[in-house]
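Peer 1: In our numbering, the protein residues as written are 15 to 277. This is the structure I want to talk about, given as structure tokens.
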């Protein structure tokens with residue numbers, strides 16, 4: 015059976031691009047007789063705000079999307095589905111990455127200035143030390159994703175466990191998809207590298223269903239200047255459902271629907 019999910023991050027108000035993704039994902043689940051899960055990817059606790067979580071539920075209701083599994087509201091999410099209820103599974107997966115990972119305390123600024131993270135390998139830093147993350151060595155390997163090819167080496171050695179003691183998106187989302195049996199992922203093309211990285215990690219954390227999953231990476235919506243819509247860039251200061259009509263969202267989703275031949 016097809017199993018897919020809508021998995022927004024509560025780091026800002028949803029924009030119209032998120033809503034189009036939701037509509038496409040829900041339509042795929044319906045068309046293929048699949049099951050649709052709501053999952054809230056709250057891996058970055060420093061950016062989670064109650065109003066953003068509330069916006070996710072309100073937006074799904076506004077769009078008329080119903081779910082087979084997942085929280086029914088903010089209270090149930092906090093009580094049973096939030097990161098503290100899942101993080102032990104992430105820690106278990108972290109241990110499975112020992113053969114391909116190494117600890118590193120390089121900051122983004124240091125890397126931008128030319129520091130090579132792999133220089134940390136012989137230092138064998140304890141992951142429990144402040145400022146230490148776990149990176150995964152990016153192999154010289156190409157991953158095919160529909161009509162796209164991603165060279166993992168282009169990612170560089172990426173973070174799987176952050177220095178604040180929480181899973182990165184790459185590992186956290188993969189573990190949650192594995193545990194829910196997700197076998198179809200609908201994402202924007204900006205997540206092509208994430209998909210490739212997760213398919214590589216799936217080899218090590220016993221995620222056979224994810225390894226065989228189908229992916230559809232759809233085009234991104236942009237603003238009037240051609241910049242992609244992004245919660246982290248502050249695309250809007252209020253919920254998108256207050257700025258757009260349901261008709262507009264569905265028209266945009268319909269324009270992308272013909273690309274489904276790549277599934």
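In this text, a Cβ means the ideal position worked out from N, Cα and C, and glycines have one as well.
#1: When the distance is taken between beta carbons, is residue 198 closer than 9 Å to residue 216?
#2: Excluding the 5 residues preceding and the 5 following residue 85 in the sequence, name in chain order all residues of the same chain whose CB lies nearer than 6 Å to its CB.
#3: From this set, 174, 32, 176, 171, which residue's C-alpha is nearest residue 74's C-alpha?
#4: Between which residues of its own chain and residue 182 is the CB-CB distance below 6 Å, once the five residues before and five after are set aside?
#5: What three-state label does DSSP hand residue 138 in the structure shown?
#6: Excluding the 5 residues preceding and the 5 following residue 253 in the sequence, name in chain order all residues of the same chain whose CB lies nearer than 8 Å to its CB.
#7: Could you compute how far the alpha carbon of residue 155 sits from the alpha carbon of residue 99?
#8: With DSSP as the reference, please indicate the residues paired to residue 203 in a beta bridge.
#9: Go through its chain and collect everything with a Cβ distance to residue 312's Cβ below 8 Å, but skip five positions before and after it.
#10: Output the boundary residues of the alpha helix (DSSP H) element that contains residue 315.
#11: Compute the distance between the beta-carbons of residue 54 and residue 40, then report whether it is under 9 Å.
#12: Output the boundary residues of the beta strand (DSSP E) element that contains residue 165.
#13: Mind reading off the beta-carbon distance from residue 235 to residue 34? Whole number of angstroms is fine, and I expect it under 8 Å.
#14: Among the residues of its own chain, which have a CB less than 6 Å from the CB of residue 231, if the five just before and after it don't count?
#15: Measuring only the C-alpha atoms, how far is residue 159 from residue 210?
#16: Where residue 221 and residue 269 are concerned, what is the direct C-alpha to C-alpha distance, given to the nearest angstrom?
#17: Quick one: Cα of residue 134 to Cα of residue 124, how far?
#18: CA-CA distance, residue 256 and residue 30?
#19: Please report the residue range of the alpha helix (DSSP H) in which residue 104 lies.
#20: Give a yes or no on whether the C-beta atoms belonging to residue 185 and residue 111 are separated by under 9 Å.
#21: Pull up the distance between the alpha-carbon of residue 178 and that of residue 122, whole angstroms please.
#22: Residue 192: buried (16+ other C-beta within 10 angstroms of its C-beta) or exposed?
#23: Check whether the Cβ atoms of residue 164 and residue 157 lie closer than 9 Å to each other.
#24: To the nearest angstrom, how far is it from the Cα of residue 119 to the Cα of residue 265?
#25: Judging by CA-CA distance, which residue of 48, 44, 23, 50 is the nearest neighbour of residue 56?
#26: If you draw a straight line from the C-alpha of residue 138 to the C-alpha of residue 83, how long is it?
#27: Per the DSSP calculation, residue 17 is bridged to which residue(s)?
Peer 2: In this structure, then:
#1: Taking the first residue of the chain shown as position 1, residue 216 is located at position 202. Taking the first residue of the chain shown as position 1, residue 198 is located at position 184. Result no, Cβ atoms of residue 216 and residue 198 do not sit closer than 9 Å.
#2: The residue given as residue 85 occupies position 71 in the chain shown. The residues are 91, 95.
#3: Within the chain shown, the letter at position 60 stands for residue 74. A check of alpha carbon separations from residue 74 across 174, 32, 176, 171 identifies 32 as the nearest.
#4: Position 168 of the chain shown holds residue 182. So the list reads 173, 174, 176, once near-sequence residues are dropped.
#5: Start at 1 with the first residue of the chain shown, and residue 138 comes out as number 124. Note: residue 138 maps to coil in three-state DSSP.
#6: Locating residue 253 in the chain shown gives position 239, where the first residue counts as 1. Closer than 8 Å at Cβ, skipping near neighbours: 27, 28, 69, 72, 73.
#7: Counted from its first residue, the chain shown places residue 155 at position 141. Counted from its first residue, the chain shown places residue 99 at position 85. Roughly 34 Å between the two C-alpha positions.
#8: Here the question's residue 203 lines up with position 189 in the chain shown. DSSP output for residue 203 lists no bridge partner at all.
#9: With the chain covering 15 to 277 only, the question about residue 312 has no answer from this structure.
#10: There is simply no residue 315 to check, as the chain begins at 15 and stops at 277 in what is shown.
#11: On the chain shown, residue 54 is found 40 positions in, with the first residue counted as 1. On the chain shown, residue 40 is found 26 positions in, with the first residue counted as 1. No, they are not a contact pair.
#12: Working through the chain shown from its first residue, we reach residue 165 at position 151. Residue 165 -> beta strand (DSSP E) spans 162-165.
#13: Counting from 1 along the chain shown, the entry for residue 235 is found at position 221. Counting from 1 along the chain shown, the entry for residue 34 is found at position 20. Separation of the CB atoms of residue 235 and residue 34 is rounded to 7 Å, and the pair is thereby assigned contact status at 8 Å.
#14: Position 217 of the chain shown, counting from 1, holds the residue named residue 231. Cβ within range, chain order: 201, 203, 206.
#15: Sequence index remark: in the chain shown, residue 159 carries index 145 (1-based). Sequence index remark: in the chain shown, residue 210 carries index 196 (1-based). Approximately 8 Å between the Cα atoms of the pair.
#16: Translated into positions along the chain shown, residue 221 becomes position 207. Translated into positions along the chain shown, residue 269 becomes position 255. Distance between the alpha carbons of residue 221 and residue 269 is about 33 Å.
#17: The count along the chain shown starts at 1 and reaches residue 134 at position 120. The count along the chain shown starts at 1 and reaches residue 124 at position 110. In this structure, the alpha-carbon of residue 134 lies about 12 Å from that of residue 124.
#18: Residue 256 sits at position 242 when you count from the first residue of the chain shown. Residue 30 sits at position 16 when you count from the first residue of the chain shown. So the alpha carbons of these two residues sit roughly 10 Å apart.
#19: Translated into positions along the chain shown, residue 104 becomes position 90. Residue 104: member of the alpha helix (DSSP H) spanning 101-110, first to last residue.
#20: In the chain shown, counting from the first residue as 1, residue 185 sits at position 171. In the chain shown, counting from the first residue as 1, residue 111 sits at position 97. Taking 9 Å as the cut-off, the Cβ atoms of residue 185 and residue 111 count as close.
#21: Position 164 of the chain shown, counting from 1, holds the residue named residue 178. Position 108 of the chain shown, counting from 1, holds the residue named residue 122. Cα to Cα, the separation comes out at about 14 Å.
#22: Counting from 1 along the chain shown, the entry for residue 192 is found at position 178. With 16 or more Cβ atoms within 10 Å of its Cβ, residue 192 is classed as buried.
#23: Your numbering for residue 164 matches position 150 in the chain shown. Your numbering for residue 157 matches position 143 in the chain shown. Yes; because the gap between Cβ atoms is below 9 Å, this pair is in contact.
#24: Sequence index remark: in the chain shown, residue 119 carries index 105 (1-based). Sequence index remark: in the chain shown, residue 265 carries index 251 (1-based). A direct Cα-Cα distance of roughly 47 Å separates residue 119 from residue 265.
#25: Residue numbering aside, residue 56 sits at position 42 when the chain shown is read from its first letter. Of the listed residues, the one whose Cα sits closest to residue 56 is 23.
#26: Stepping through the chain shown from its first residue, residue 138 is reached at position 124. Stepping through the chain shown from its first residue, residue 83 is reached at position 69. Rounded to whole angstroms, residue 138 to residue 83 spans 41 Å at the Cα level.
#27: Here residue 17 refers to the residue found at position 3 when the chain shown is read from its first residue. According to DSSP, residue 17 bridges with 49.
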